[in-house]
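Below: one structure, written as structure tokens.
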């Protein structure tokens with residue numbers, strides 16, 4: 007007993023010491039039998055039965071990692087239903103363990119719950135139509151130093167690009183609609199379109215001719231019988247019309263509006279030509295400058311900002327060759343789905359408990375895309391060096407893969423912390439699956455990982471000291487697992 011109650015952890019651990027099953031029974035049968043026995047025992051002493059299905063899930067979550075020759079498919083049972091909440095919990099748990107691998111179940115559970123609550127904070131951005139703009143400003147700030155615009159233009163060309171953007175941001179402030187926070191995206195799209203038009207403009211229009219063209223175009227919307235003159239350049243017509251709309255949707259701007267369009271024209275014809283890749287990153291620069299204009303990210307809570315930044319990094323790491331728009335689109339979809347999931351009910355608490363009890367052993371039962379670029383790099387890094395898994399220095403291997411990833415995809419330098427975490431996760435996935443001979447249990451692989459780590463970290467330790475430390479570590483991280491020192 008513990009604090010006047012039966013010690014359930016001890017009871018589960020003792021009952022899992024024998025994992026031998028009759029060959030004709032499904033693997034999870036023993037978990038059901040143990041759960042029923044413990045349930046009856048607890049009811050006899052405490053007068054109340056624990057929820058049988060939850061107790062079975064907890065026992066099975068450990069038992070499946072003790073069985074040898076068990077495939078990922080065999081770890082499933084008809085009583086477990088995995089949904090979007092499970093996916094978020096597992097994702098969160100692995101990211102936490104990548105940075106703090108020795109967390110015991112209770113502090114690990116608290117960290118998971120804390121992260122899930124932070125996800126709910128995104129609702130406010132979604133309701134105020136600020137999610138896309140906030141994500142865009144964060145990503146622009148992170149990627150700017152490595153952007154093609156920043157690295158592949160002369161100082162003068164870069165200044166011309168920035169002057170064009172800044173002038174149009176100022177012009178947009180005259181438009182009541184575009185000056186609203188939830189219409190920032192529309193302002194960006196208009197500036198992008200204007201840059202494309204700039205390359206088609208005639209370069210030799212005089213100030214007088216431009217003013218005449220502006221007045222003629224304005225008269226078209228005011229006078230029904232006014233026709234477009236045949237000698238007005240088509241690109242110039244579209245450009246002026248777009249500039250007028252940028253300042254005022256009704257084309258009713260003050261006389262100084264003509265001067266603003268003249269400046270816009272002069273800045274437009276001075277712009278360098280962008281390659282297709284540079285055009286993709288042009289949007290990044292606009293977002294960065296919009297953020298700098300009002301220090302807008304200072305209004306976003308730091309923890310929320312870090313949460314958004316971290317997920318943007320994860321998405322980029324998944325596919326490093328994605329465009330700015332593709333990354334933002336994927337992030338918006340993720341947060342719109344995740345933020346409105348319910349994490350406060352008892353069912354979610356039970357899910358977290360079942361996942362947390364497994365620590366990172368759960369990696370063996372989940373799926374990663376074998377075509378993911380980073381997973382391929384991890385596999386190539388292992389195969390190229392012909393490492394011995396019994397002597398491998400885990401930390402050194404992860405660092406080698408990280409340097410290779412940064413050399414292959416320099417853009418990931420902006421998310422180095424997220425990259426390191428992902429490599430640890432993928433390396434452990436490789437450790438539990440590809441590098442295992444299939445005959446070992448997941449728990450045996452878990453203990454082998456930590457034994458190698460201890461030997462490399464403390465080469466002076468005798469075997470007895472390593473065995474004692476492993477026993478303590480198992481009891482701390484996996485208190486439901488019966489540990490035998492012979493491992």
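Numbering (this note's numbering), first residue to last: 7 to 493.
Just so it is clear, CB atoms sit at the ideal spot from N, CA and C, and this is done for glycine as well.
The shortest CA-to-CA distance from residue 205 to any of 281, 430, 120 is the one to 281. Spatial neighbours of residue 398 in its own chain (CB-CB distance under 7 angstroms, excluding positions within 5 residues in sequence) are listed in chain order as 458.
DSSP places residue 489 in no alpha helix (DSSP H); its state is neither H nor E. Between residue 362 and residue 68, the gap from beta carbon to beta carbon reaches 7 angstroms or more. For the pair residue 14 and residue 366, the CB atoms are not nearer than the 7 angstroms cut-off. Within the same chain, and ignoring the five residues on either side of residue 291 in sequence, the residues whose Cβ sits closer than 6 angstroms to its Cβ are 155. Judged by pairs of C-beta atoms under 8 angstroms, the region 295-315 does not touch the region 265-285, as fewer than three such pairs exist. DSSP places residue 364 in the coil class of the three-state scheme, outside both helix and strand. Annotation note: the region 95-168 contains the following uninterrupted alpha helix (DSSP H) runs of length 4 or greater, listed N- to C-terminal: 111-126, 128-133, 137-149, 154-157. For the 7 angstroms CB-CB criterion, residue 177 and residue 253 form a contact. Here residue 149 is actually not in contact with residue 442; their C-beta atoms are around 38 angstroms apart, not less than 8 angstroms. Taking a 10 Å sphere around the C-beta of residue 370, we find 16 or more other C-beta atoms and assign the residue as buried.
Taking C-beta atoms under 8 angstroms as the contact rule, residue 326 and residue 278 fail to qualify, at a distance of about 26 angstroms.
For residue 373, the closest C-alpha among the options 71, 93, 16, 73 is that of 93. The beta carbon of residue 338 sits closer than 7 angstroms to those of 137, 138, 141, all from its chain and outside the five residues before and after it, given in chain order. Runs of the alpha helix (DSSP H) lying entirely within the region 452-487, each at least 4 residues long, are 469-483 in chain order. If the five residues before and after residue 131 are omitted, its C-beta is found closer than 7 angstroms to the C-beta atoms of 137, 140, all from its own chain and listed in chain order. One Cα belongs to residue 54, the other to residue 62, and the distance between them is close to 16 angstroms. Residues of the same chain with a CB within less than 7 angstroms of the CB of residue 336, apart from the 5 flanking positions on each side, are 321 in chain order. When 47, 314, 468 are compared, the shortest CA-CA separation from residue 334 is found for 314. According to the DSSP assignment, residue 62 belongs to the alpha helix (DSSP H) that extends over 58-69.
In its chain, beyond the 5 residues on either side, 441 have a beta carbon closer than 7 angstroms to the beta carbon of residue 395.
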